Structure formats: C-alpha cells, structure tokens
Amino acid sequence: MGTSVATNSNAASRIRDFVLQTFPLARKRNVAGSTDLLETGVIDSMGVLDLVGFLQQEFAITVEDDDLTPENFRSIDCMAEFLQRRLVSQHRSVASA
Amino acid sequence: MDFLIHHMLRRSAARFPEKEAVVHGNRRLSYTQVLQACRSFAFQLRSAGIARGDRVGIYLDPSVEQVLSIFSISTAGGVYVPINTVLVPDQVAHIVRDCGMKALITTPEKLETLAPALRDASPLQFFVATGNTNGHAAESTLPVHRMQEMLAASVDGDWQDWGISQDLAAILYTSGSTGKPKGVMLSHANVMAGSTIVSTYLEISERERILAVLPFSFDAGMNQLMTAFQQGGTIVLIKFVFAKQIIDALLTEHITGLAGVPTVWSLLANGGILKHSFPDLRYITNTGGAMPQAVLKVLRQALTATKIFLMYGLTEAFRSTYLPPEELDRRPTSMGKAIPDTEILVLNEAGGCCKSGEVGELVHRGPTVSMGYWGNPEATNRVLKPNPLLPPELGNCEKVCYSGDLVKMDEDGFLYYVGRRDAMIKSSGYRISPTEVEEILFQTGKIRQAAAIGIPDEVLGQTVKAFVVAKDGADLDCDYIQAYCLEKMPRHMVPKHFEIMSELPKTSSGKVDYPALRRREGL
Chain A
473 MGTSVATNSN
483 AASRIRDFVL
493 QTFPLARKRN
503 VAGSTDLLET
513 GVIDSMGVLD
523 LVGFLQQEFA
533 ITVEDDDLTP
543 ENFRSIDCMA
553 EFLQRRLVSQ
563 HRSVASA
Chain B
194 MDFLIHHMLR
204 RSAARFPEKE
214 AVVHGNRRLS
224 YTQVLQACRS
234 FAFQLRSAGI
244 ARGDRVGIYL
254 DPSVEQVLSI
264 FSISTAGGVY
274 VPINTVLVPD
284 QVAHIVRDCG
294 MKALITTPEK
304 LETLAPALRD
314 ASPLQFFVAT
324 GNTNGHAAES
334 TLPVHRMQEM
344 LAASVDGDWQ
354 DWGISQDLAA
364 ILYTSGSTGK
374 PKGVMLSHAN
384 VMAGSTIVST
394 YLEISERERI
404 LAVLPFSFDA
414 GMNQLMTAFQ
424 QGGTIVLIKF
434 VFAKQIIDAL
444 LTEHITGLAG
454 VPTVWSLLAN
464 GGILKHSFPD
474 LRYITNTGGA
484 MPQAVLKVLR
494 QALTATKIFL
504 MYGLTEAFRS
514 TYLPPEELDR
524 RPTSMGKAIP
534 DTEILVLNEA
544 GGCCKSGEVG
554 ELVHRGPTVS
564 MGYWGNPEAT
574 NRVLKPNPLL
584 PPELGNCEKV
594 CYSGDLVKMD
604 EDGFLYYVGR
614 RDAMIKSSGY
624 RISPTEVEEI
634 LFQTGKIRQA
644 AAIGIPDEVL
654 GQTVKAFVVA
664 KDGADLDCDY
674 IQAYCLEKMP
684 RHMVPKHFEI
694 MSELPKTSSG
704 KVDYPALRRR
714 EGL
C-alpha cells in the first residue's frame with residue numbers, strides 16, 4: 473500500500489507548478505521551494521483559498537480551519553511537508569478503520 | 194486650534210506622551226516617538242524639495258513607516274497619496290502620472306519592481322526607500338533617499354505650518370463605472386470631520402486599541418488611523434493572510450475595535466472565530482458591501498460582548514450611513530441612517546425627494562463631501578452638484594454628492610440598498626470599472642469584442658464575468674486570457690468566468706447591450 477502517498481519532491485514540484493501558474497508574482501520572482509511566499513506578498517488571503525482548493529482536489533486531502541496557518545503555507549516546502557503529514561495521517565486512519 | 198491632520202497627532206502627543214500610538218509586530222512607538230519622527234521626516238521632505246500641495250505617494254504594506262509617512266507628509270504641507278500594494282506596476286504608474294506625484298515612498302524591493310513602469314514621462318523627482326538601499330534604484334536615475342536617515346535627522350529652528358483646513362490633504366484612488374481609477378481629493382477638514390463623526394457614533398476614546406486590517410488607501414481604513422490618533426488611542430497594524438493571524442492579534446493585543454469588509458468577516462467566520470471569546474472587543478464595523486446574513490449570524494454567535502455596526506460609505510463622501518447595533522434584529526438588511534452632521538437624501542430622476550419605499554439615488558450632504566476628482570472637472574461635476582433642495586436665494590453655495598447607488602427609505606428613515614445606477618462592479622470592497630477590465634482584455638490582441646459585468650457572489654458581493662468575441666477565426670484559450678489578466682491587474686479585477694460568444698448583443702446605436710448580457714445571467 474502507500475501508493476497514494478506522493479513522494480515529497482514530486483508533491484513539491486506539483487505545488488510549485490500550481491503556484492507559478494496561479495500567482496504572476498511567483499513567476500516574476502522565480503520562487504524556490506524555500507521562498508517565503510507570505511512575506512513577499514506572492515500569496516494573499518484570497519490566494520490561500522485557491523491553494524486549499526488545489527491541495528484538496530489534487531491530493532484528495534481535507535484541509536481544516538486549524539491547518540490554515542503561516543507555518544503550513546509559508547513556502548512551497550512548508551506546503552509539501554504539511555501535505556505529506558496529512559496524507560500519512562489520512563492513510564493511517566483509513567488503514568485502522 | 195487643531196485644523197490640520199497632523200494637529201491631531203500633536204494634541205495626542207501632548208495629552209498622552211508615553212502612550213502606545215502605533216504597534217506593528219514587535220515595534221511599539223509612543224506618541225512622543227511618532228511626533229518626533231514625523232517632525233524630522235517632514236523637515237527632510239521639505240529640504241528634499243516638497244513644497245505646499247506637492248503630492249507624495251506611499252506604496253507600502255502595513256508598517257510603522259506607512260503611518261509615519263502619512264503624518265509627515267501632512268506636517269510638511271504636502272498631499273499624501275496612499276497606494277494599495279495589490280496594484281500592479283502599470284496601475285501605480287497611472288496614479289503617479291495622473292496626480293503629478295513628486296516623490297514616492299516605498300521599499301527597495303517594490304522600487305525594483307516598479308522602476309521599469311515608471312521610466313517614461315514620470316513626474317517623480319525622488320524616491321524615499323525604507324530599509325537598506327544604495328543611492329539609486331535600478332533602471333532609474335532618480336535619487337533615492339533613505340527613510341531611516343530622514344526619520345532620525347535633527348530639526349533646526351521653528352516649524353511653521355503652511356496650510357489651512359480647506360487645503361488638499363490626501364488623494365485616494367478609486368474606480369468608477371468607466372476608465373482608469375480617479376483620485377478623490379480630501380481636504381484636511383474632510384478627513385478630520387470624518388474622524389470626529391465616526392468617533393462620535395462609535396464612542397471611540399483614548400482607551401481604544403484598533404486593529405487595522407483594511408488598507409489606508411481605502412477611506413474606511415484611513416479613518417481607523419485618524420480616529421485612533423485623534424482620540425489618543427492605539428492603532429495596531431497587521432499584514433494578514435489567514436484568519437488565525439487576525440484572531441491571534443485580537444487576543445494578544447487586546448483589540449477593542451475592528452473594521453472589515455465582507456471578505457474579512459467571511460474569512461473569520463470560516464476560520465475558527467467560534468472557538469475563542471473576545472472580551473476586549475467592544476465593536477466591529479462592516480463596510481464595502483453588504484455582510485452575508487449567514488456570516489452575520491456566526492459573528493453574532495461568536496462576539497457576544499461586541500457591538501456590530503453595519504456601515505455604508507463611498508470614497509467621494511468619505512462616510513455616509515450606519516445601522517445602530519440595537520436595530521440589527523429589526524432591520525438586518527438595512528444600511529442604517531445618516532451619520533451625525535450628515536443628511537442623506539433619496540432623490541428621484543426629477544431631482545425631488547422620493548416617498549418612503551420609492552427607489553431613488555442616494556445623495557449625501559455634509560462636511561465629508563470630498564473636493565472632487567483630481568484633474569477631472571467633468572467627472573467631478575457629474576458627482577458633485579449644487580444641492581437641488583436649497584432655496585434659490587442661497588445660490589449654488591453647497592455641493593452634494595450623488596453616489597450612483599440606488600436605495601429606498603422606509604417610513605422610519607432607514608435606508609436599504611437596491612443596486613447601482615451605472616455599470617460599476619464591486620467585489621470584496623473594491624470598486625471595479627468594467628471598461629478598465631475590457632481594455633486589458635483587448636491588450637491580449639486576441640479579442641475583437643469584450644464586455645465585463647458583475648455577477649452576484651455570496652462572499653465577494655460580486656465577481657467579474659467577461660463575455661468575449663475572438664478575432665476572426667482565432668481559437669480563444671480562456672486559460673491564456675486569464676493568465677494574461679493575472680499579470681496585468683490585481684486579483685480582485687480578474688474575471689472569474691469567461692463566456693466566448695460569436696457576437697455581443699448590441700443596442701440600436703451599435704453599443705454593447707449590457708442589460709441584455711445581465712438578463713442572460715438572470716439578473
């Protein structure tokens with residue numbers, strides 16, 4: 473099992489593609505995995521909603537209110553780590569059900 | 194006597210020298226510190242060439258520097274022009290050129306992004322940059338002054354104010370139903386009347402700690418700063434992306450007052466506001482569009498100790514109406530009544546007063562009626578007109594503001610919003626001109642005809658829908674068009690929906706038939 477759990481680097485590159493496609497400022501600055509997207513103003517409160525929609529649809533995860541924090545969304549790497557944690561915990565809860 | 198904007202700062206610094214005036218993250222400045230920094234900065238701005246009435250732009254995110262800039266420009270005798278940082282470089286360049294801006298205060302990073310757009314025919318003479326920077330911006334030959342040094346400079350000799358209350362103090366750029374954004378001119382008297390009036394009905398005092406989440410380029414956002422400084426309260430600045438950041442600030446900073454637009458409240462209502470209690474939060478105010486009833490319900494459940502004020506205003510008249518909290522149960526969909534020292538008229542096409550229940554245009558009279566649009570007397574004359582109800586003996590001594598908003602009044606004098614008289618779109622508190630969206634769509638070079646309209650959206654009020662006709666034979670890639678828009682306009686302007694048509698409906702005179710497009714959407 474575990475085939476649905478994306479590898480971290482693969483997930484990061486898919487998130488990066490989405491960020492580059494959706495946020496023009498990200499293209500201009502050619503953001504890296506560790507670039508702070510909040511401080512640089514690449515992502516605003518409306519942009520976060522687009523990202524949440526993308527993560528939920530693309531990776532079939534659920535994003536709760538409490539997940540919406542700077543720690544989880546600050547950079548592409550942060551999002552990939554958050555996604556990884558969520559996929560693992562969802563996988564566990566499915567396995568134990 | 195206090196008659197200029199920075200006199201409010203001077204007075205509060207005399208009353209509460211050590212009190213916290215402005216807070217941003219770990220930075221906390223007392224009124225004395227703000228006053229001293231503003232005196233130095235104003236002195237340096239004059240030395241750098243700012244003369245009475247010169248326009249100085251502020252293109253900064255929420256920051257202590259932003260607050261210092263506003264009061265320093267006023268102190269120097271200049272006119273401050275706050276620019277929303279969501280605007281893209283071309284739009285900033287429009288504002289710079291339109292108001293003949295002499296200096297622009299920004300960050301080194303933003304300056305680098307802006308420089309190419311400001312290269313041609315810019316009236317700018319110098320930049321002021323926050324943070325660390327060298328003497329020149331990339332791609333610009335203009336001098337760049339360091340704000341840090343200007344704030345710390347010593348002031349020699351006596352300081353003299355140049356202006357009076359009728360002088361221009363600020364220009365706020367906003368969109369109408371056509372063309373590019375126009376600069377609404379506010380006098381010192383306008384801004385100070387606005388803060389006195391709002392402080393009166395919100396009962397704002399020196400005990401207030403106000404969290405500023407709205408940009409100062411919005412009249413309601415600027416008003417928060419002005420009421421705080423006028424009353425000697427504290428303004429807390431925040432750059433937020435998540436509801437949690439606002440909630441944390443409300444709790445840790447013991448915030449007593451918060452103003453927002455419907456999108457802010459939706460964010461909070463969906464972002465865990467019910468999990469906390471806010472004993473310090475004395476009032477909240479909504480402006481920039483109707484608050485969705487479902488969101489209002491959550492807020493009332495979460496904020497049991499908080500008074501909720503629903504407000505209405507347009508930049509051209511600063512603030513107009515508010516619904517007292519005790520009326521919320523009886524008239525939850527009302528915009529309320531006129532603010533103090535203000536009269537709201539509902540006028541029909543013939544210029545007479547509407548009967549109760551009859552739909553007419555909201556016309557505002559009072560001390561916050563602006564000075565009109567910078568450099569645009571024709572547009573000004575369409576919005577600011579002589580009061581039609583004055584006896585002829587008084588002549589044209591008073592200008593009133595025609596809002597373009599259609600409303601009706603009930604028998605008790607409470608107002609209800611009906612719609613716009615023109616094609617202006619309003620989304621998440623922003624005013625959007627359909628023609629500005631259409632012009633950018635044409636710039637793609639792939640479109641022969643385009644029309645933008647607003648369609649209802651639960652959270653945003655409205656979103657933009659674009660009807661487009663491809664140039665002959667071309668295939669239209671809506672993803673490409675949308676990506677192009679994202680480059681050329683801020684997110685709130687970008688059409689959410691596209692519809693490709695073979696031809697747009699036309700009126701008998703050959704113009705785009707917007708009502709027909711709205712009917713297609715069931716509007």
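Line by line, the protein sequences give chains A and B.
Here the first sequence stands for residues 473 to 569, numbered as in the working numbering.
Here the second sequence stands for residues 194 to 716, numbered as in the working numbering.
Beta carbons are placed, not taken as given, at the ideal position from N, Cα and C, and that holds for glycine.
Since we're looking at a predicted model, the values are computed, not measured.
Inter-residue Cα distance where the pair is residue i and residue j
i                 : j                 : result
Ala-724 (chain B) : Gln-226 (chain B) : The requested residue 724 (chain B) does not occur in the structure, where chain B is confined to residues 194 to 716.
Gln-675 (chain B) : Phe-691 (chain B) : 9 Å
Met-473 (chain A) : Leu-461 (chain B) : Bear in mind that a pLDDT of 42 at Met-473 (chain A), under 50, signals an unreliable position, so the model cannot answer this.
Gly-519 (chain A) : Lys-681 (chain B) : 16 Å
Gly-559 (chain B) : Leu-202 (chain B) : 24 Å
Asp-706 (chain B) : Arg-614 (chain B) : 15 Å
Arg-221 (chain B) : Glu-401 (chain B) : 16 Å
Gly-550 (chain B) : Trp-458 (chain B) : 30 Å
Glu-714 (chain B) : Ile-648 (chain B) : 8 Å
Lys-619 (chain B) : Arg-564 (chain A) : 46 Å
Ala-296 (chain B) : Lys-375 (chain B) : 19 Å
Arg-245 (chain B) : Glu-509 (chain B) : 23 Å
Pro-275 (chain B) : Asn-482 (chain A) : 42 Å
Ser-476 (chain A) : Arg-488 (chain A) : Residue confidence for Ser-476 (chain A) is low, a pLDDT of 46 falling below 50, so the modelled location carries little weight and cannot support an answer.
Val-377 (chain B) : Thr-561 (chain B) : 12 Å
Gly-588 (chain B) : Ser-358 (chain B) : 24 Å
Phe-531 (chain A) : Ala-663 (chain B) : 35 Å
Gly-529 (chain B) : Leu-503 (chain B) : 7 Å
Unbroken beta strand (DSSP E) run spanning residue i, endpoints
i                 : result
Pro-649 (chain B) : 640-650
Val-535 (chain A) : From DSSP, Val-535 (chain A) is part of no beta strand (DSSP E); its letter is neither H nor E.
Gly-453 (chain B) : 450-453
Arg-402 (chain B) : 402-405
Gln-655 (chain B) : 654-663
Limits of the alpha helix (DSSP H) - the one that residue i falls within
i                 : result
Asn-574 (chain B) : 570-576
Leu-238 (chain B) : 224-240
His-557 (chain B) : It is not in any alpha helix (DSSP H) - His-557 (chain B) instead sits in the beta strand (DSSP E) that spans 553-558.
Gln-675 (chain B) : 671-681
Gly-387 (chain B) : 381-395
As assigned by DSSP and simplified to three states, the class of residue i
i                 : result
Asp-598 (chain B) : strand
Lys-500 (chain A) : helix
Ser-267 (chain B) : helix
Gly-544 (chain B) : coil
Val-260 (chain B) : helix
Met-551 (chain A) : helix
Asn-479 (chain B) : strand
Arg-512 (chain B) : coil
Arg-220 (chain B) : strand
Tyr-433 (chain B) : In the sequence under discussion, the amino acid at residue 433 (chain B) is Phe, which differs from the Tyr named in the question. Phe-433 (chain B) falls in the coil class under three-state DSSP.
Leu-507 (chain B) : coil
Val-520 (chain A) : helix
Phe-545 (chain A) : helix
Val-477 (chain A) : Unreliable positioning characterises Val-477 (chain A) in this predicted model, as indicated by a pLDDT of 49, which lies under 50. The coordinate reading is nonetheless provided below. Correct three-state label for Val-477 (chain A): coil.
Thr-499 (chain B) : coil
Val-514 (chain A) : coil
Arg-713 (chain B) : helix
Gln-486 (chain B) : helix
Leu-361 (chain B) : strand
Lys-619 (chain B) : strand
Gln-284 (chain B) : helix
Leu-492 (chain B) : helix
Ile-532 (chain B) : coil
Gly-162 (chain B) : Limits of chain B in this structure are 194 at one end and 716 at the other, which puts residue 162 (chain B) out of reach.
Under 7 Å from the C-beta of residue i: neighbouring residues of chain B
i                 : result
Asp-538 (chain A) : Gly-465
Leu-510 (chain A) : Val-434
Where residue i meets chain A, residues with beta-carbon distance less than 8 Å
i                 : result
Leu-679 (chain B) : Thr-494, Phe-495 and Pro-496
Arg-684 (chain B) : Asp-516, Met-518 and Gly-519
Contact with chain E by residue i, beta-carbon distance below 8 Å
i                 : result
Gln-655 (chain B) : The question asks about chain E, but that chain is absent: this structure's protein chains are A and B.
Interface residues of chain B facing residue i [CB-CB closer than 8 Å]
i                 : result
Gly-513 (chain A) : Asp-254 and Thr-278
Under 7 Å from the C-beta of residue i: neighbouring residues of chain A
i                 : result
Leu-492 (chain B) : Near Leu-492 (chain B) there are no residues of chain A at all, since even the closest Cβ is about 15 Å away, more than 7 Å.
Lys-437 (chain B) : Leu-540 and Thr-541
Leu-460 (chain B) : Ser-517
Contact test: residue i Cβ vs the ligand MG heavy atom, cutoff 7 Å
i                 : result
Val-539 (chain B) : Although the ligand MG was asked about, the structure shown includes no ligands whatsoever.
Supposed close pair residue i, residue j - CB separation, criterion 8 Å
i                 : j                 : result
Gly-565 (chain B) : Leu-555 (chain B) : At roughly 18 Å, the Cβ-Cβ gap does not stay under 8 Å, so Gly-565 (chain B) and Leu-555 (chain B) are not in contact.
Pro-683 (chain B) : Val-281 (chain B) : 6 Å
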